[in-house]
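Undergrad: Residue numbers (the numbering used here): 8 to 108. Where a beta carbon is used, it is the ideal one built from N, C-alpha and C, also for glycine.
1) Within its chain, find whatever has a CB closer than 7 Å to the CB of residue 70; leave out the 5 residues flanking it on each side and keep chain order.
2) Which residue's Cα is closest to the Cα of residue 102: 94, 88, 95, 93?
3) Using the rule of at least 16 other Cβ atoms within 10 Å of the residue's Cβ for burial, across every protein chain shown, is residue 15 buried or exposed?
4) Which first and last residues belong to the beta strand (DSSP E) in which residue 21 is found?
5) List, from N- to C-terminal side, the beta strand (DSSP E) runs of 3 residues or more that fit wholly inside the segment 27 to 91.
6) Secondary structure at residue 95, three-state DSSP: helix, strand or coil?
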């Protein structure tokens, strides 16, 4: 079995309005096909959704993610991750390419 390797990720801030962050490249410089998404603050939740540039996410159509419940998403064909906070405070979200899957 091969171990997963991680390329450098990006940090996004999930705020009151939907915003997008470009999906980072993998270590070869190609667009990532799979990413790990985790909120960096305990007990906070953000909602995420892979989108094309300009896409939006809402609390009802996105995927909840937290520090305790990160997600791994297949993002081939998408250019951005849309984020929005689920509670009152802005939330730091880490988006990291996953390779060797």
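TA: The short version:
1) 54, 55, 56, 78
2) 88
3) By the 10 Å Cβ count, residue 15 comes out exposed.
4) 17 to 21
5) 41 to 46, 52 to 58, 70 to 73, 78 to 81
6) coil
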